Amino acid sequence: MSAPAAPAGLGDYLPVATLLRLLAVLLLVFAPHAMRLPVWESGFIAALLLWRALAARRQWRMPPKLLRAALVFAALGGVYASFGRVSGQTAGTALLCVMAALKLVELRGRRDVMVMIFLMYFMLITHFLYSQEIWTSLYLLLSCLAITALLIECQHLGQLPPRQTLRRAGAMVAQALPLMLLLFVLFPRIPGPIWGLPADAGAARSGLSDSMAPGDIAALIESDDVAFRVRFDGPAPPPAQRYWRGPVLESFDGRTWSKGWSAPPPLLDGDIRYLGTPVRYELTLEPGRMPWLLALELPQAVDLPPDARLNGNGELLARRPIIERRRYTLLSNPDFAFAPALDARQRQRLTRLPNGYNPRTLALARQWRDQGLADAAIAARALRMIRDENFVYTLRPPPLARDSVDGFLFDTRRGFCEHYSSAFTVLMRAAGIPARVVTGYQGGTLNEPGGYYVITQADAHAWSEVWLDGRWQRIDPTAAIAPSRIERGLGSAIGAGEGLPDYLVRRTAWRDALKARWDWVNARWNGLVLGYGPELQQQFLQRFGIDDLRTMILTLTALLTATMAILGFVLLRRAAPARAHDAAQREWQRLLRQLARRGYRPRADEGPRDFVARVLAARPQWRATLQPAAELYLRNRYLEAPDAARLAALHRAVRGVRLS
Amino acid sequence: MSSPVAPVLHSLNQIILGKDAQLRLVLACLLARGHLLIEDVPGMGKTTLALALARVLGLHFQRVQFTSDLLPADIIGVSVYETATGGFRFVPGPIFSQLVLADEVNRASPKTQSALLEAMEERQVTAEGETRALPEPFFVIATQNPSYQLGTFPLPESQLDRFLMRISLGYPPAEAERQLLMERERRDLLGELQPVLTPAQLLGLQDQVRAVRTAPALIDYLLALVQRTRELPGLRQGLSPRAGLALRRAAQAWAFIDGRSGVIPEDVQAVFAAVVGHRLVAAAERDGAATSAAAILAQVAIP
């Protein structure tokens, strides 16, 4: 950051109106970042914008150099204090924003505005790191238009009214659009993060996590974000079979279910027997920063994505957390027998409960066990208890004390799916039956215009898996208390006043239709624009006979280079006309080259007569041929009107020059 | 290449010793129908030069010594009442001569200065509501003391470019000064000088200067030079189109004196400092060297 040495001169004059427009455009560029930046930074930037506007109106003085430097270092320190680093996506963006705002403190003339304009173009791009939705793209296109208008204004300061600059900017952006489309389609897509996206790239989103405490899933329901979309290759399985398997939680600490310490066992051949007819489907998963690839229970371990594997818990895991939208195709069998070998250690692990918690629940299970009931009968008994006694399915459960399962089963009896699955699993374990909690999604809504299913966070669910008859069996206690949740979704299962989120309450037919339509547009956008990767590009280009990516890159490069070369040549010719048409000069150049080989070159500002005189002073023996040639050159180029015969004489004279 | 004005140059060189280049410039200025500003401290031979020029070219000569109380009418002339005829008669001032020496022009008030400069530009004088043409040829040599001397009104920049050239004679070379001191006084020699041209012949030569060819390639060079002065950051302003025209005319005259039918870049370079020097104003004192005429010449390549 350096201040111009001299006060802004006439050529660097900046009208107040232009400066205020710059601030307005800057606000437009900053706005989407405002919620993502730390509060202090957003406030600081807003204060800087306001100060600059007031300073322009009231002609305040710029702060001294020392204060400016102090502000810069303070901002740098602030960013470091907030993020612990100054690079990466979030910290880098924060640094860029605050430094761009600080540029206002020394912004005086047109030159600084130019710097600002290019900074703003760059800042626009950073928004794409956080969001690539349709709205974002439209917003950024609009911002781009505003910046371009400002750029045009700065090139014609005080000569064009804003409406004119906007119109010109519109024309320029419109002209750029076809080029953008062309580059979008043709620019080689290279698999992998070629642009070196920082490790913390991608937006923070709500989604399943690797643990579950009472209230976790209920909190997830508050968001109607899409979790994933599914397109079935045939008829979709009925809702009651649409269980999308996510994290399997095997460890309970009295309140929270989590994955536990031991790594899940590998999946062995024959652990799963697939029954019935398999279903093939394509799933587009929104990034959730977790490695689980959601799958319909239970997926087959064939044709999995290359970086995914199916483990012994039936979880499909990617090697790394998902930070970008992913699309994959799977084959699942809703009918299956999940029967891995369970040794004594595993059996013990899967029935472990923390000591000293939920004594009443333990007592109930022991009582059932003492009645001599078999495992299956105990499970049926527990389900009957949930169904027949006065339990309530609600999103607004009362708070639970230390013994959360006791409190829920015997006192409050009001809860959401995590309460039911947790309590049921604890009951099973207390009775010595291996059991665990499975989280994921259940159901999904058909998007009529698109013919695919949308699974939102409202479909998040938790159920139990119980070891009965030598295999894992899915038992969903929520289905016992609220069967309509499973059949028709959350909206129909929760009564009024039970805390249903607003977006589920305010449903109307046309609203749903509109929403479905919008989701379909988004899905198309995701598929065609954001999902346009190497494979899709290859498919698309194959239609035009371009099979080979390498050929395409070469063709494209050659075409671009040729276009640029021709354009550059034409522009250069236009900039320096008539130069090459001067035949006498061509002859003279030939003579000059000859002299240059002997070590004599004219200075740029040395006239031909002086130059020849200088050469002859050093080499008088060349006079006989050099002098006439030089004189003929002067006559042809300067002294007399063009004449073919004289030109021919010059040609001969230059040919006849003997330098020896 | 023989010069058509060789006899003139020869005669002048008899009187002003060791100043061949300056004499050529003076002659070029005259042949280009321009006016000349000589900037020098007193005693360098300015008046002698003007007298010699008038004599050799056979021109009617008048000298006006500019003082602070000089009035425009003292230059242009006044109408006097004649009792004999009962009417007014215009008595023309010294400006009505073919060669006017305006000595120490910066001593007069700006009002008087501009009367002279207007007459130079228009080549006619309007007095008492009547316009009177000045004689042909008409050539003004103004001299000016360097402006740091006390009690002067330096010519404003806007009026300086009424002069085609500004030169300074400077001290004579040692050998010439020795000759000067040993021989008879130059003023005495003047009387013996014979005219080598008539005014009519001079007018003819001036017409021939106009016919000297300026090839497109040379115009490119002129344009590049003028353009360069407009780009230089050290200059308060670049050369005007009028300055460009002046440069072309002066270069034509120089080529003519050298006996060439067309202008070559060297001709432009020869007159550049004299034509351009007083039209360029450096933005700051320290920029003077970087923006001198010679520096600009060195920066512009010949196309």
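Chains A and B, in that order, give the protein sequences. Letter by letter, the first sequence follows residues 10 to 669 in our numbering. Letter by letter, the second sequence follows residues 815 to 1117 in our numbering. In this text, a Cβ means the ideal position worked out from N, Cα and C, and glycines have one as well. Computed from a predicted structure; not experimentally measured.
Neighbour-count burial assignment, residue i, 16 or more Cβ in a 10 Å radius
{"i": "Val-1085 (chain B)", "result": "buried"}
{"i": "His-428 (chain A)", "result": "buried"}
{"i": "Gly-297 (chain A)", "result": "buried"}
{"i": "Ser-341 (chain A)", "result": "buried"}
{"i": "His-42 (chain A)", "result": "buried"}
{"i": "Ala-469 (chain A)", "result": "buried"}
{"i": "Trp-266 (chain A)", "result": "buried"}
{"i": "Gln-548 (chain A)", "result": "exposed"}
{"i": "Val-530 (chain A)", "result": "exposed"}
{"i": "Gln-451 (chain A)", "result": "buried"}
{"i": "Arg-1074 (chain B)", "result": "buried"}
Proximity to residue i [Cα-Cα], best of the options
{"i": "Thr-403 (chain A)", "options": "A:Arg-422, A:Leu-668 and A:Arg-396", "result": "A:Arg-422"}
{"i": "Phe-952 (chain B)", "options": "B:Leu-871, B:Leu-1046, B:Glu-944 and B:Ser-893", "result": "B:Leu-871"}
{"i": "Phe-425 (chain A)", "options": "A:Ile-503, A:Glu-649, A:Ile-54 and A:Ala-183", "result": "A:Ile-503"}
{"i": "Ala-639 (chain A)", "options": "A:Val-624, A:Asn-342 and A:Ser-493", "result": "A:Val-624"}
{"i": "Leu-32 (chain A)", "options": "A:Tyr-541, A:Glu-50 and A:Ala-55", "result": "A:Ala-55"}
{"i": "Pro-300 (chain A)", "options": "A:Tyr-290, A:Pro-275, A:Glu-333 and A:Val-288", "result": "A:Glu-333"}
{"i": "Pro-349 (chain A)", "options": "A:His-165, A:Leu-371, A:Ala-444 and A:Arg-480", "result": "A:Arg-480"}
{"i": "Val-855 (chain B)", "options": "B:Glu-918, B:Gly-1091 and B:Ser-928", "result": "B:Glu-918"}
{"i": "Ala-1031 (chain B)", "options": "A:Glu-649, A:Ala-627, A:Trp-144 and A:Arg-329", "result": "A:Glu-649"}
{"i": "Ala-947 (chain B)", "options": "B:Ile-890, B:Asp-1034, B:Leu-964 and B:Thr-1028", "result": "B:Ile-890"}
{"i": "Trp-144 (chain A)", "options": "A:Gln-250, A:Arg-667, A:Asp-528 and A:Leu-351", "result": "A:Asp-528"}
{"i": "Arg-61 (chain A)", "options": "A:Ala-83, A:Leu-565, A:Val-88 and A:Lys-112", "result": "A:Lys-112"}
Collapsed DSSP secondary structure at residue i in the structure displayed
{"i": "Pro-586 (chain A)", "result": "Residue confidence is low: Pro-586 (chain A) scores 49 on pLDDT, short of 50, so the model does not pin down where it sits. Its coordinate-derived value is still stated next. It is coil, neither helix nor strand."}
{"i": "Leu-292 (chain A)", "result": "strand"}
{"i": "Leu-362 (chain A)", "result": "coil"}
{"i": "Gly-536 (chain A)", "result": "helix"}
{"i": "Leu-826 (chain B)", "result": "helix"}
{"i": "Ile-332 (chain A)", "result": "coil"}
{"i": "Met-108 (chain A)", "result": "helix"}
{"i": "Ala-1108 (chain B)", "result": "helix"}
{"i": "Trp-476 (chain A)", "result": "strand"}
{"i": "Ala-43 (chain A)", "result": "coil"}
{"i": "Gly-1076 (chain B)", "result": "strand"}
{"i": "Trp-266 (chain A)", "result": "strand"}
{"i": "Glu-944 (chain B)", "result": "strand"}
{"i": "Ala-236 (chain A)", "result": "strand"}
{"i": "Gly-665 (chain A)", "result": "coil"}
Listed by chain order, chain A residues near residue i by CB distance under 8 Å
{"i": "Arg-1027 (chain B)", "result": "Tyr-647, Leu-648, Glu-649 and Ala-650"}
{"i": "Ser-1075 (chain B)", "result": "Leu-648 and Glu-649"}
{"i": "Leu-1032 (chain B)", "result": "Tyr-647"}
{"i": "Leu-1111 (chain B)", "result": "Asp-614"}
Bridge partners - residue i, DSSP secondary structure assignment
{"i": "Arg-869 (chain B)", "result": "According to DSSP, which records beta bridges pairwise, Arg-869 (chain B) is partnered with nothing at all."}
{"i": "Gly-901 (chain B)", "result": "B:Glu-896"}
{"i": "Ile-852 (chain B)", "result": "B:Thr-957 and B:Ile-981"}
{"i": "Val-1095 (chain B)", "result": "B:Gln-1051"}
{"i": "Arg-318 (chain A)", "result": "A:Leu-326"}
{"i": "Asp-344 (chain A)", "result": "A:Leu-284"}
{"i": "His-470 (chain A)", "result": "A:Gly-449"}
{"i": "Ile-484 (chain A)", "result": "A:Ser-473"}
{"i": "Val-257 (chain A)", "result": "A:Val-447"}
{"i": "Ala-916 (chain B)", "result": "B:Val-878 and B:Ala-956"}
{"i": "Trp-301 (chain A)", "result": "A:Leu-326"}
{"i": "Tyr-462 (chain A)", "result": "A:Val-239 and A:Leu-455"}
Cross-chain neighbours of residue i in chain A, by beta carbon under 7 Å
{"i": "Val-1114 (chain B)", "result": "Asp-614"}
{"i": "Glu-1080 (chain B)", "result": "Gly-616, Arg-618 and Asp-619"}
{"i": "Gln-1083 (chain B)", "result": "Gly-616"}
Chain C contact for residue i (CB, 7 Å cutoff)
{"i": "Ala-1038 (chain B)", "result": "Among the protein chains of the structure shown, namely A and B, there is no chain C."}
Within chain B, the residues that residue i reaches when beta carbons sit closer than 9 Å
{"i": "Leu-57 (chain A)", "result": "What Leu-57 (chain A) touches in chain B: nothing, since even the nearest Cβ is about 33 Å away."}
{"i": "Leu-643 (chain A)", "result": "Arg-1074, Gly-1076 and Ile-1078"}
{"i": "Asp-121 (chain A)", "result": "Going along chain B, no residue has its Cβ under 9 Å from Asp-121 (chain A), so there is no contact; the nearest lies around 19 Å."}
Partner residues on chain A for residue i, Cβ-Cβ distance less than 9 Å
{"i": "Leu-1094 (chain B)", "result": "Within chain A, no residue comes near Leu-1094 (chain B); the closest Cβ sits about 17 Å away, beyond 9 Å."}
Residues that residue i contacts on chain B, provided the C-beta gap is smaller than 7 Å
{"i": "Asp-234 (chain A)", "result": "By Cβ distance, chain B contributes nothing, its closest Cβ being about 58 Å from Asp-234 (chain A), past 7 Å."}
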